[in-house]
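Keeping their order, the protein sequence lines are chains A and B. Residues 2 to 167 (my numbering) make up the first sequence, in order. Residues 2 to 167 (my numbering) make up the second sequence, in order.
Number of protein chains: 2
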Amino acid sequence: MHPSDQPDTEKLTIDQRLISFFRDGAKIIGLPASVGEIFGLLFASPKPLTMADLVERLDISKGSASQGLKMLRTLGAVRDVEYDNDRKGYFEADIELKKLVGGFIREQVRPHMDSGTRKLGELEQDLDTVSDPELRAFYENRIKIIQRWSSKAKLVLPLLQKFLGE
Amino acid sequence: MHPSDQPDTEKLTIDQRLISFFRDGAKIIGLPASVGEIFGLLFASPKPLTMADLVERLDISKGSASQGLKMLRTLGAVRDVEYDNDRKGYFEADIELKKLVGGFIREQVRPHMDSGTRKLGELEQDLDTVSDPELRAFYENRIKIIQRWSSKAKLVLPLLQKFLGE
DNA sequence: TTTTTTGTTCAAAAAAAATTGAACTTTCAA
DNA sequence: TTGAAAGTTCAATTTTTTTTGAACAAAAAA
Chain A
2 MHPSDQPDTE KLTIDQRLIS FFRDGAKIIG LPASVGEIFG LLFASPKPLT MADLVERLDI
62 SKGSASQGLK MLRTLGAVRD VEYDNDRKGY FEADIELKKL VGGFIREQVR PHMDSGTRKL
122 GELEQDLDTV SDPELRAFYE NRIKIIQRWS SKAKLVLPLL QKFLGE
Chain B
2 MHPSDQPDTE KLTIDQRLIS FFRDGAKIIG LPASVGEIFG LLFASPKPLT MADLVERLDI
62 SKGSASQGLK MLRTLGAVRD VEYDNDRKGY FEADIELKKL VGGFIREQVR PHMDSGTRKL
122 GELEQDLDTV SDPELRAFYE NRIKIIQRWS SKAKLVLPLL QKFLGE
């Protein structure tokens, strides 16, 4: 019997736990685990970190670190900061929920919604090609249903942003 | 030059388009493409379909059809119906947004949120193990930030459901 | 019964997505 | 300039997820 009766999970440090927390969070919203880990480490760090820090502390490749940072910057979840008047780039996690959610909606949700809206339009065009009147009426109704969903979805996003902003 | 000057996408039938629409939608919310296709075909069908219909019309395996239907039933997106007083099982798409979103939240969102909440609790426990007071104060603040996010998230879901329920 | 039809399960195969790392580019200091 | 440090890119690899299909189980018809 081992001296410690604590389960495995008890041995993790706070920063390891934060990294794991954000790794899981990233997977949930459909982002690569490495992206979540990078954000987690930055979030858990009292001072800005370099790409080399990420590579070392997360044991990931330079490629992953570079690509992950790129994605996080695009999402507005990480920002470049001056530090140590050093030529290296330093990074910091953004902690404003409004900004994080806003970036996610802008980069991940909107493009999908726009493409969905476009496809829906194409669908409507093609109604003319349906000759059987009964089937056509059925499809018309189905398309109306999706359109109702779509207009709700379009209202929800700004509402959500408003709710999360402060 | 080919006689038709229509691009490829113009040749699709309405049901093919609906299948493609829901395949994309499924991928976006992190469900397998086949699950989206099954829902799409059911949504596009004026009458209930059997598993054999799905296998034939979507050209998927019996295994995929069975698993996909299972998931869709769990989500409350598809229901069993009596039809043709036939021994076979017949299925129909559910078209109530409230129910679709509710099922998704119940099956996919809540479990993740609960696990996140648990992890957050563990994190808080471990604050005691941080001896450096400055670092500890930093972590305390970080955890507070996540807790604020978390309580917002917990308010958002019922709000969302209320908004979507007619 | 026995046979046929219907549906499920799950190990293996295929497909998709993430990650690596080496080659390349950029930037700055010497 | 040249060299070294920092960062990016992307084809190849690894990992993860999805899909398949054959074996199995359940249920009803013959």
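C-beta: ideal position from N, C-alpha, C; glycine also.
| query | Does the beta carbon of G184/B come closer than 7 Å to any beta carbon on chain A? | reply | Here chain B comprises residues numbered 2 to 167, so residue 184/B is not present and cannot be evaluated.
| field | For Y91/B: DSSP bridge partner residues | value | Per DSSP, the beta-bridge partners of Y91/B are T51/B, V82/B.
| request: May I ask you to list, following chain order, the residues of the stretch 105-116 of chain B that have a beta carbon less than 8 Å from some beta carbon of chain A? | output: So the list reads H113, S116, given in the order they occur along the chain.
| With DSSP run on the structure shown, which of helix, strand or coil describes I61/A? | Reduced to three states, the DSSP call for I61/A is coil.
| query | Residues of chain B with CB under 8 Å from F92/A, in chain order? | reply | Those within 8 Å of F92/A in chain B number zero; the least Cβ separation is about 16 Å.
| field | Alpha-carbon spacing of G122/B relative to I147/B, whole angstroms | value | Cα-Cα distance, rounded: 11 Å.
| message | Does chain B have any CB closer than 7 Å to the CB of F139/A? | response | In terms of beta-carbon proximity, F139/A lines the interface with chain B, with at least one pair separated by less than 7 Å.
| Pairwise C-alpha distance: V82/B and K71/A | Rounded to whole angstroms, the separation of the alpha carbons of V82/B and K71/A is 49 Å.
| task | Measure the C-alpha to C-alpha separation of E57/B and G103/A and round it to an integer number of angstroms. | result | Taking the straight line from one Cα to the other gives about 42 Å.
| said: Let me confirm a value: T10/B is counted as buried when at least 16 other C-beta atoms fall within 10 Å, else exposed. Which label applies? | reply: Confidence at T10/B is low in this model, with a pLDDT of 45, below 50, so the placement of that residue is unreliable and no value is reported for it.
| task | Tell me, to the nearest whole angstrom, how far the beta carbon of S35/B is from that of G69/B; I am working on the premise that it is less than 8 Å. | result | A Cβ-Cβ distance of about 5 Å is found for the pair S35/B and G69/B, placing them in contact under the 8 Å criterion.
| request: Quick one: residues in its chain with C-beta nearer than 6 Å to the C-beta of D25/B, no 5 flanking neighbours on either side, listed in chain order? | output: Within the same chain, no residue comes within 6 Å of D25/B by CB-CB distance, once the 5 residues on both sides are set aside.
| message | As a quick exercise: from P47/A, K12/A, G41/A, pick the residue whose alpha carbon is nearest that of P134/B. | response | For P134/B, the nearest C-alpha among the options comes from P47/A.
| task | Taking only runs that begin and end inside the stretch 117-156 of chain B, name each unbroken beta strand (DSSP E) of 3 or more residues, in chain order. | result | For the stretch 117-156 of chain B, not a single whole beta strand (DSSP E) run of length 3 or above is found.
| message | Beta-carbon within less than 6 Å of D16/B's beta-carbon, same chain only, minus the 5 sequence neighbours each way: which residues are those? | response | So the list reads A45, once near-sequence residues are dropped.
| task | Name the residue from M114/A, L59/A, S65/A, T130/A whose alpha carbon lies nearest to the alpha carbon of L156/A. | result | Cα-wise, what sits closest to L156/A is M114/A.
| Enclosing alpha helix (DSSP H) for Q17/B [first to last residue] | Q17/B -> alpha helix (DSSP H) spans 15-29.
| field | Within chain A, partners of D85/B - CB distance below 7 Å | value | At a C-beta separation below 7 Å, D85/B has no neighbours in chain A, since its nearest C-beta there lies roughly 19 Å away.
| task | Specify, as a first and last residue, the run of the alpha helix (DSSP H) that L76/B falls within. | result | Here L76/B belongs to no alpha helix (DSSP H), and DSSP marks it neither H nor E.
| said: Residues in the same chain with beta-carbon distance under 6 Å from A53/B, minus the five sequence neighbours each way, listed in chain order, please. | reply: Result list for A53/B: empty, nothing under 6 Å.
| request: Take L55/A and list the residues in its own chain whose beta-carbon comes closer than 6 Å to its own, dropping the five residues that flank it on each side. | output: For L55/A, where only same-chain residues beyond five positions count, the Cβ hits under 6 Å are I39, A66.
| query | Residues of chain A with a CB under 8 Å from the CB of L165/B: which are they? | reply | Residues of chain A passing the Cβ test: K153, V157.
| Inter-residue spacing [alpha-carbon to alpha-carbon] between K153/A and T75/A | If I take the Cα positions, the gap works out to 27 Å.
| task | Taking L98/A as part of the alpha helix (DSSP H), name the residues at either end of that continuous run. | result | Start and end: 98-105.
| CB contact below 7 Å: D127/A versus chain B | Cβ-Cβ to chain B under 7 Å: yes for D127/A.
| Listed from N- to C-terminal order along the chain, which residues in the stretch 16-42 of chain B have their beta-carbon within a distance smaller than 8 Å of any beta-carbon of chain A? | Answer in chain order: R18, L19, S21, F22, D25, G26, I29, G31.
| request: State the start and end residues of the unbroken alpha helix (DSSP H) segment that holds V36/A. | output: From DSSP, the alpha helix (DSSP H) with V36/A extends over 34-44.
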